[in-house]
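Data block below; observations after.
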Amino acid sequence: MLPTRPAQRLRRNLMPILLALLGTALLVAGCDYQVHPMESREVSFQGQEFTVVSLDLHRESLSLHWRNPDNDQPFGDIQTLREWGAANGKRLMFAANAGIYDQSYAPLGLYVEHGKTLVPLNLFHGNPAAGNFSIRPNGVFAIYADGHAAVRTSTDFKTDGKPADWATQSGPMLVIDGQINTQFLDDSNSTKWRSGVCAHTPYQVLFVVSESPVNFHTFASLFRDKLGCRDALYLDGSISQFYIDGTGYTGAPTFMVKPYAGIFAVFADQ
43 MLPTRPAQRL RRNLMPILLA LLGTALLVAG CDYQVHPMES REVSFQGQEF TVVSLDLHRE
103 SLSLHWRNPD NDQPFGDIQT LREWGAANGK RLMFAANAGI YDQSYAPLGL YVEHGKTLVP
163 LNLFHGNPAA GNFSIRPNGV FAIYADGHAA VRTSTDFKTD GKPADWATQS GPMLVIDGQI
223 NTQFLDDSNS TKWRSGVCAH TPYQVLFVVS ESPVNFHTFA SLFRDKLGCR DALYLDGSIS
283 QFYIDGTGYT GAPTFMVKPY AGIFAVFADQ
């Protein structure tokens with residue numbers, strides 16, 4: 043049965059109202075989306091579970107923190123950094139340990155804060171048996187003055203000669219130009235909690251931590267085959283944790299965590 047003319051008029055009258063309500067709903071949804079400084083999700087891959095945190099550098103300010111500027115003492119852990127932020131009117135939204143460090147709890151390789159190089163680039167070719175940093179190649183995650191991020195091998199970073207605002211050197215590289223690091227064995231039984239980072243696009247950064255021990259090959263395959271990263275850098279192993287506001291800590295069990303050197307952070311004004 044065709045609608046009557048009054049019914050047709052009612053529909054015409056209601057249409058602007060419905061469109062206005064839809065527009066308002068979309069606006070509210072958009073505003074709500076902008077409130078959150080990141081997106082986190084659980085990802086399954088090859089029978090393992092991972093937490094993936096995606097940051098849009100157009101919207102979020104990602105920084106590195108090693109020492110408390112008030113007393114020059116290392117923060118050491120995420121909770122101390124969180125408390126420092128709160129004391130300065132900032133709410134910690136995301137944090138992750140930034141990479142390999144030495145026995146004195148100083149970054150083992152390049153470390154840059156606010157454009158200042160606190161530790162120089164380390165191109166020492168060591169024995170891979172001595173630690174993950176010596177597995178070739180290692181690499182650098184950097185954020186530049188225009189806000190874009192990149193993961194490069196350490197030698198490529200040196201060749202570029204481009205100064206960074208924020209940078210950390212770690213290793214090994216997980217994925218290099220779309221290829222999994224040839225040092226990794228598919229069937230390796232060396233498994234640990236692992237964390238890593240890639241610049242999926244120049245302004246989208248993906249941080250990943252495993253929820254259980256995995257080998258290097260599986261972890262690298264996740265970045266390449268599941269997340270679509272052409273270059274990815276390993277950050278750290280059994281001590282790696284992420285802090286996500288509203289969720290808490292994820293990654294390695296707390297009893298395994300030791301003091302950190304550099305810590306990645308996203309803060310929001312309280």
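Just add 42 to wherever you are in the sequence shown, counting from 1, and you've got this note's numbering. We put the beta carbon where it would ideally sit given N, CA and C, even for glycine.
Residue i classed as buried or exposed, judged by whether at least 16 other C-beta atoms fall within 10 angstroms
i	result
ASN130	exposed
TYR147	exposed
ALA128	exposed
THR93	buried
LEU69	For LEU69, the predicted model reports a pLDDT of 36, less than 50, meaning its position is unreliable and no value from the coordinates is stated.
HIS107	buried
THR296	exposed
SER212	buried
LYS300	exposed
CB-CB length for residue i against residue j, believed under 8 Å
i	j	result
ASN139	SER282	6 Å
TYR276	LEU216	5 Å
VAL251	THR292	6 Å
LEU97	VAL308	7 Å
TRP235	GLY279	6 Å
ILE142	TYR285	Not really, about 20 Å apart at Cβ, beyond 8 Å.
LEU264	PHE87	5 Å
For residue i, the first and last residue of its enclosing alpha helix (DSSP H)
i	result
ARG124	120-129
SER103	It is not in any alpha helix (DSSP H) - SER103 carries neither H nor E in the DSSP assignment.
Residues sharing a beta bridge with residue i, DSSP
i	result
GLY98	Correcting the residue type first, residue 98 is Asp in the shown sequence and not Gly. Paired residue(s): GLN246.
PHE183	VAL193 and THR210
ASN139	ILE305
VAL239	PHE249 and LEU275
Per-residue DSSP class, three states only, for residue i
i	result
HIS259	helix
LEU277	strand
THR292	strand
LEU227	coil
TYR75	Its pLDDT being 29, under 50, TYR75 is placed unreliably by the model, and nothing is read from it.
LYS200	helix
ALA92	A quick correction: the sequence has Phe, not Ala, at residue 92. Strand.
Start-to-end residues for the beta strand (DSSP E) that takes in residue i
i	result
SER212	208-212
PHE284	283-286
ASP311	305-311
GLU84	81-87
LYS158	158-161
VAL268	Per the sequence shown, residue 268 should be read as Lys rather than Val. Careful: LYS268 lies outside any beta strand (DSSP E) and carries neither H nor E.
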